[in-house]
Structure formats: structure tokens, C-alpha cells
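The opening position of the sequence shown corresponds to residue 0 in numbering that gives the first Met the number 0, with each subsequent residue numbered one higher. Idealized CB from N, CA, C, for every residue including glycine.
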Amino acid sequence: MNDYTYITLRQRQQLKKRAAEWFHSKWGISQEAYLECMESYLNNETEYGWYLCLDGNRIIGGLGVIENDFHDRKDLTPNICAVYTEEVYRCKGIAGHLLTMVVEDLKSKGVTPVYLVTDHTGFYERYGWEFLCMVQGDDEPDMARMYIHK
Numbered sequence: 000m001n002d003y004t005y006i007t008l009r010q011r012q013q014l015k016k017r018a019a020e021w022f023h024s025k026w027g028i029s030q031e032a033y034l035e036c037m038e039s040y041l042n043n044e045t046e047y048g049w050y051l052c053l054d055g056n057r058i059i060g061g062l063g064v065i066e067n068d069f070h071d072r073k074d075l076t077p078n079i080c081a082v083y084t085e086e087v088y089r090c091k092g093i094a095g096h097l098l099t100m101v102v103e104d105l106k107s108k109g110v111t112p113v114y115l116v117t118d119h120t121g122f123y124e125r126y127g128w129e130f131l132c133m134v135q136g137d138d139e140p141d142m143a144r145m146y147i148h149k
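So, in C-alpha cells, the structure goes:
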């Protein structure tokens, strides 16, 4: 097993700017939007956090929790968002570990169930997620798959 470090952003607040830049480079959402969500988490205004996997000091995987991941089902909240693992690190269990970490952390704070939107089939089911319904993404022509973790 590789020696990766899994953290919440609260554990290493100094990574905030780097994390926002990293997520922006993967998803194209503005750094400011990521920073705003991260600040709310770091200032204890929300328990919707940010979770990272590090190889040394390099961010190689991560995900966040937000109210709504740009879809029409505002009642399905919170949403896991921005799940990403660097390509050379895929198939090593990193995303699965991060998903388990976030679900357990939120459950410990009384936040359950949680949701996520994806185009993937077969991946999230391995980690206890169940397909719930199709949702319409904001400004998206096609419907997307909504999953739930209870």
C-alpha cells in the first residue's frame, strides 16, 4: 500500500489556496468559488468540508461537499462534488478512501444521507452508493445520474 496522507482542509489550512487552484484546474469552476466554500468550512460556518489525498506535499486527489452541485433537485442536499484523482494515481483506491472518509465524517456530525451527481456507472456502487434518480444539470442538455449514500 502506498503511503498517502488523507486530510481535511481544516487539518492543513495552509493548503487552501493550492487546493482551490488544484480543483479549479480539474473542473474549470472559478478559484474564487472554491475559496468561498473553503472559507465557510474553515471558519466553522458549515460542516460541508474539503478532503484531500497527498503524496508528500502534492495534492493527488480530492473532493468537497456543497449544498447543491449545479442541478435542479435543490431538496437533495448536501452534495459531494469535484471528486478527482490524478490520472497516474487512479485504480489505487484513493477516490474510494476519500468517499468513505467524507461519508463517515458527515455521519459523525449527523449529516446523512449525502448525494452526488455523476455520469459514471459502476464506480460509486463499489463504495455503498445507490442510484437514486436522474437530475437536470444547470445549463446541461442531458440528464445526469444522482446517487445517494444513507
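In the structure shown, the three-state DSSP call for Arg57 is strand. Contact between the segment 133-143 and the segment 44-52 is absent: fewer than 3 CB-CB pairs across the two stretches fall below 8 Å. Asp74 has its alpha-carbon roughly 21 Å from the corresponding atom of Leu98.
Secondary structure at Glu129: strand, using DSSP grouped into helix, strand and coil. Rounded to the nearest whole angstrom, the CA to CA distance from Trp128 to Gly136 is 20 Å. Three or more beta-carbon pairs separated by less than 8 Å link the segment 87-96 to the segment 57-65, which places the two stretches in contact. Approximately 5 Å separates the beta-carbon atoms of Asp68 and Val116; this is inside 8 Å, confirming the contact.
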